[in-house]
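Protein sequences, first through last, are from chains R and B.
At position 42 of the first sequence the residue is numbered 42 (the working numbering), and the sequence of numbers has no breaks.
At position 19 of the second sequence the residue is numbered 1019 (the working numbering), and the sequence of numbers has no breaks.
In what follows, a single structure is set out as structure tokens and then discussed.
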Amino acid sequence: MLSLLRFAFSIPLVILAFSFQTESPTYGDSIRPILAKKCAACHYEGGSAPFPLQTYAQTKKRGDLVRLVSLTGQMPPTDATSDLGELTPHLALTPPELKVVQDWYRAGMPEGPKTPEILADLTSSGETTFDRFVAVGQGQSFPAEGRWARAVYALPSLGIRNLSGFTFKPLAPKAVRQAALAIQRKGEPIPFTSTGIRPGTLVATWAPGYYTWGASKACFPLETGDKLWLQVRAVPTGKVELAGGLIGFKSLGAGNLIKTKTLGTKDISIPAEAQIHLRDEWTLEEDIDLLSIFPESRFTTEQVRATAIENGQEKLLLVVLTWDAVWPGAYNFKNAVHLRKGTKIVWEALINNSRHGHFADGGKTKNVGFGPYSDNEIFWCHLQYVSRKP
Amino acid sequence: MILTSLLAISLMTGQMKPIPDKPLSPIHLKDVAGVSRTIPGASVATVLLFTATDCPIANRMSPVFGRIVKDFSAKGIEFIYVYIDPTQTPVQVAKHLIEYKLGAPGILDLKHVIVKATGATVTPEAVILDRVGMMLYRGRINDLFLEHGRARKAAIREDLRIALKEILAGKQVSVSQTPALGCSIPDFGL
Chain R
1 MLSLLRFAFS
11 IPLVILAFSF
21 QTESPTYGDS
31 IRPILAKKCA
41 ACHYEGGSAP
51 FPLQTYAQTK
61 KRGDLVRLVS
71 LTGQMPPTDA
81 TSDLGELTPH
91 LALTPPELKV
101 VQDWYRAGMP
111 EGPKTPEILA
121 DLTSSGETTF
131 DRFVAVGQGQ
141 SFPAEGRWAR
151 AVYALPSLGI
161 RNLSGFTFKP
171 LAPKAVRQAA
181 LAIQRKGEPI
191 PFTSTGIRPG
201 TLVATWAPGY
211 YTWGASKACF
221 PLETGDKLWL
231 QVRAVPTGKV
241 ELAGGLIGFK
251 SLGAGNLIKT
261 KTLGTKDISI
271 PAEAQIHLRD
281 EWTLEEDIDL
291 LSIFPESRFT
301 TEQVRATAIE
311 NGQEKLLLVV
321 LTWDAVWPGA
331 YNFKNAVHLR
341 KGTKIVWEAL
351 INNSRHGHFA
361 DGGKTKNVGF
371 GPYSDNEIFW
381 CHLQYVSRKP
Chain B
1001 MILTSLLAIS
1011 LMTGQMKPIP
1021 DKPLSPIHLK
1031 DVAGVSRTIP
1041 GASVATVLLF
1051 TATDCPIANR
1061 MSPVFGRIVK
1071 DFSAKGIEFI
1081 YVYIDPTQTP
1091 VQVAKHLIEY
1101 KLGAPGILDL
1111 KHVIVKATGA
1121 TVTPEAVILD
1131 RVGMMLYRGR
1141 INDLFLEHGR
1151 ARKAAIREDL
1161 RIALKEILAG
1171 KQVSVSQTPA
1181 LGCSIPDFGL
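Here it is in structure tokens:
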């Protein structure tokens, strides 16, 4: 009897041991491909991330942090999704990828087969194909501490008629989180204000590891007398960092002309401790192909969402589950999203001004209104699209 | 349910190892400039600031470090930065001390002698020793970071400053241990 019991117990143990052994992922087989696909655009030597993740040794050294920030969804730094098309780049880890990271960490981070260093993915932004570079902000700097820093530059005339691509190479890649290009048409005011980008003036955005628009055959028309401006946003790194950098431009002979529509309002009043949602909408007067969505919100915003309503049917255009006021660029669709005339686009921000809000200090909160300071709020959404011929 | 709560409690206490109740044996090491240092030093208190050249949370704390070093060095407190990454070189550390205006000497803890003796687990983290080596404080510098990637507008409690003021006033440190948040110190196979 006793031997029978022992036998009964021994079988599952053997199976368990066997399955653990075969399922332990290794760096070479399972982790390296995830890093190359989802992390390499920023985590390379001299890149925008604080440290490289190009070799086994570098990854093992950070294994604890890699596991933690993956599981909590903090890295890769996007949790945006859409019902209507793939966003580029879609970096968020999938549930099977998360499980692999967790299993690998638990198994003691085995190396597995020897693999070469992951190469920095510098071609993803089309950097090699940019045909004009302009330097800005030389000799200027960002402060060592604070919540964020912002710099605005007027650009010299480019002599480009149809702008079809834009990239930015900051002098301080570890500090700069976002660059935006906007246009000042003849006789109009400067497009960048301390309360966001002036409605209808956004041209393009860049963020570390993000693609800029330029993949489609669309372009932004520039006329004589138009002036381009660049806004750069940075987070402090603990030391004074060089501002400025190199802007790359690509031009196109002809293409579908990009238009910009801004949703939002200055009429914001958020009472202390309140959790509310702000809303604005736009009904399409023609068929469009939507290229990108660029939200502008600050520190009481927790989530942003764009919905398309056509014949009473709601579809989620974009939802950013954990809003980060300092990080994102535009959310670009891999393939433009066709929306029909009469479709209503609703833009919403979920606001949490309570002491439990994401960026709250845990103390009593104050009333928050529209304004230029970081503890004011703004509520804008810039949509870029091309008209579609019926 | 009870099991889960017990587990949660043991995990929490697991993160906060009690501070040693016996004095640390003196440690003799050279700083990156080649000067011999003894930990603890001869002053009323020696502060060890654990850091790494490539930890963004520790780096972002540099201006705070710089101000604390300036304010309390003048009152006779000794500061030493402990760099925990043995893959770095003394030249890289020396450059980092200047770039981030840290204002005190730095030791590259190649064999984790200081890390192991003090029980430091992350960068940035501070340890205060009295002149016989008794640990008076171990933990965060302040509560600027709520979690990874989430910083307050400004810190509410300046833990290290408070502890140092209490020591200078001849009082017992009221909160001798706080949870530090930052980049885990890997064991580097040491």
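Ideal Cβ placement from N, Cα and C applies to all residues, glycine included.
With a cut-off of 8 Å, does the C-beta of residue i fall near any C-beta of chain B?
{"i": "Pro-236(R)", "result": "yes"}
{"i": "Val-69(R)", "result": "yes"}
{"i": "Leu-239(R)", "result": "The question names Leu, yet the displayed sequence has Lys at residue 239(R). Interface residue, yes."}
{"i": "Glu-145(R)", "result": "yes"}
{"i": "Leu-91(R)", "result": "no"}
{"i": "Gln-400(R)", "result": "Since the first and last residues shown for chain R are 1 and 390, residue 400(R) lies out of range."}
{"i": "Lys-364(R)", "result": "no"}
{"i": "Lys-169(R)", "result": "no"}
{"i": "Asp-361(R)", "result": "yes"}
{"i": "Gln-74(R)", "result": "yes"}
Under 7 Å Cβ-Cβ, which residues of chain R neighbour residue i?
{"i": "Asn-1142(B)", "result": "Here the premise fails: no neighbours, minimum Cβ distance about 12 Å."}
{"i": "Lys-1111(B)", "result": "What Lys-1111(B) touches in chain R: nothing, since even the nearest Cβ is about 17 Å away."}
{"i": "Tyr-1100(B)", "result": "Gly-238, Lys-239"}
I'd like to know if residue i contacts chain R, where contact means its C-beta is closer than 8 Å to some C-beta of that chain.
{"i": "His-1148(B)", "result": "yes"}
{"i": "Arg-1067(B)", "result": "no"}
{"i": "Met-1061(B)", "result": "yes"}
{"i": "Arg-1152(B)", "result": "yes"}
{"i": "Ile-1156(B)", "result": "yes"}
{"i": "Ser-1174(B)", "result": "no"}
{"i": "Pro-1186(B)", "result": "yes"}
Flag residue i as yes when its Cβ comes closer than 7 Å to any non-hydrogen atom of the ligand SAH, and as no otherwise.
{"i": "Pro-221(R)", "result": "The model depicted lacks the ligand SAH and carries no ligand whatsoever."}
With burial defined as no fewer than 16 other Cβ atoms inside 10 Å of the residue's Cβ, what is the status of residue i: buried or exposed?
{"i": "Phe-299(R)", "result": "buried"}
{"i": "Pro-372(R)", "result": "exposed"}
{"i": "His-277(R)", "result": "exposed"}
{"i": "Ala-54(R)", "result": "Looking at the sequence itself, residue 54(R) is Gln, so the reference to Ala does not match. Gln-54(R) should be labelled buried."}
{"i": "Leu-1190(B)", "result": "exposed"}
{"i": "Lys-61(R)", "result": "buried"}
{"i": "Asn-353(R)", "result": "buried"}
{"i": "Gly-264(R)", "result": "buried"}
{"i": "Ala-1120(B)", "result": "buried"}
{"i": "Ile-34(R)", "result": "buried"}
{"i": "Ser-1025(B)", "result": "exposed"}
{"i": "Gly-1139(B)", "result": "buried"}
{"i": "Thr-1087(B)", "result": "exposed"}
{"i": "Gly-225(R)", "result": "exposed"}
{"i": "Leu-91(R)", "result": "buried"}
Relative to the alpha-carbon of residue i, which residue among the options has its alpha-carbon at the smallest distance?
{"i": "Ala-179(R)", "options": "Gly-196(R), Gly-187(R), Arg-185(R), Thr-265(R)", "result": "Gly-196(R)"}
{"i": "Leu-383(R)", "options": "Gly-342(R), Ile-258(R), Asn-353(R)", "result": "Ile-258(R)"}
{"i": "Ile-1177(B)", "options": "Ser-1025(B), Ile-1114(B), Pro-1063(B), Leu-1160(B)", "result": "Strictly speaking, residue 1177(B) in this sequence is Gln, with Ile absent from that position. Ranking Ser-1025(B), Ile-1114(B), Pro-1063(B), Leu-1160(B) by Cα distance to Gln-1177(B) puts Leu-1160(B) first."}
{"i": "Pro-116(R)", "options": "Pro-96(R), Asp-29(R), Gln-231(R)", "result": "Asp-29(R)"}
{"i": "Lys-315(R)", "options": "Pro-221(R), Val-346(R), Thr-59(R)", "result": "Val-346(R)"}
{"i": "Ala-1154(B)", "options": "Trp-148(R), Pro-156(R), Gly-159(R)", "result": "Trp-148(R)"}
{"i": "Gly-363(R)", "options": "Ala-80(R), Glu-273(R), Gly-253(R), Asp-79(R)", "result": "Glu-273(R)"}
{"i": "Ile-1027(B)", "options": "Lys-1017(B), Ala-1033(B), Ile-1039(B), Gly-1034(B)", "result": "Ile-1039(B)"}
{"i": "Lys-166(R)", "options": "Gln-102(R), Ala-182(R), Ala-234(R), Asp-375(R)", "result": "The amino acid at residue 166(R) is misidentified as Lys; the sequence shows Phe. Closest by alpha carbon: Ala-182(R)."}
{"i": "Asp-267(R)", "options": "Met-109(R), Trp-380(R), Thr-307(R)", "result": "Trp-380(R)"}
{"i": "Pro-1186(B)", "options": "Ser-374(R), Lys-341(R), Gly-369(R), Gln-58(R)", "result": "Gln-58(R)"}
{"i": "Pro-1023(B)", "options": "Ile-1128(B), Cys-1183(B), Ile-1162(B), Leu-1146(B)", "result": "Ile-1128(B)"}
{"i": "Val-325(R)", "options": "Arg-305(R), Ala-336(R), His-338(R), Thr-301(R)", "result": "Here residue 325(R) is Ala; the residue named in the question, Val, does not match the sequence. That would be Thr-301(R), whose Cα lies nearest to the Cα of Ala-325(R)."}
{"i": "Ala-234(R)", "options": "Ala-207(R), Leu-228(R), Asn-256(R), Ala-120(R)", "result": "Ala-207(R)"}
{"i": "Ala-308(R)", "options": "Ser-297(R), Thr-322(R), Lys-341(R)", "result": "Lys-341(R)"}
{"i": "Val-1173(B)", "options": "Leu-1108(B), Met-1134(B), Leu-1029(B), Cys-1183(B)", "result": "Met-1134(B)"}
{"i": "Asp-83(R)", "options": "Gln-313(R), Tyr-153(R), Trp-104(R)", "result": "Gln-313(R)"}
{"i": "Gln-303(R)", "options": "Val-232(R), Pro-295(R), Gly-159(R), Leu-321(R)", "result": "Leu-321(R)"}
{"i": "Pro-170(R)", "options": "Gly-159(R), Pro-221(R), Leu-230(R)", "result": "Leu-230(R)"}
{"i": "Leu-1029(B)", "options": "Leu-1108(B), Ala-1180(B), Glu-1158(B)", "result": "Leu-1108(B)"}
For residue i, go through chain B and note every residue whose CB falls closer than 7 Å to its CB, in chain order.
{"i": "Phe-51(R)", "result": "Asp-1054"}
{"i": "Asp-79(R)", "result": "Correct list: empty, because the minimum Cβ distance to chain B is about 12 Å."}
{"i": "Lys-61(R)", "result": "Pro-1186"}
Using a cut-off of 9 Å between C-beta atoms, extract the partners of residue i located in chain R.
{"i": "Lys-1095(B)", "result": "Those do not exist, as Lys-1095(B) stays about 11 Å from chain R at its closest Cβ, beyond 9 Å."}
Can you list the residues of chain B that residue i reaches, using a CB-CB cut of under 8 Å?
{"i": "Leu-65(R)", "result": "His-1148, Cys-1183, Ser-1184"}
* Is the segment 129 to 144 of chain R touching the segment 181 to 196 of chain R, taking contact as three or more C-beta pairs under 8 Å? -> No: fewer than three Cβ pairs fall under 8 Å.
* Asked: Using 8 Å as the Cβ pair cut-off and three pairs as the minimum, do the segment 1162 to 1176 of chain B and the segment 1031 to 1043 of chain B touch?
  -> Output reads no: the segment 1031 to 1043 of chain B does not touch the segment 1162 to 1176 of chain B.
* State whether the segment 1081 to 1089 of chain B contacts the segment 66 to 74 of chain R, with contact taken as three or more CB pairs (one from each stretch) at a distance under 8 Å. => Contact between the segment 1081 to 1089 of chain B and the segment 66 to 74 of chain R is absent, because fewer than three Cβ pairs lie under 8 Å.
* Using 8 Å as the Cβ pair cut-off and three pairs as the minimum, do the segment 285 to 294 of chain R and the segment 325 to 338 of chain R touch? -> Yes, they touch.
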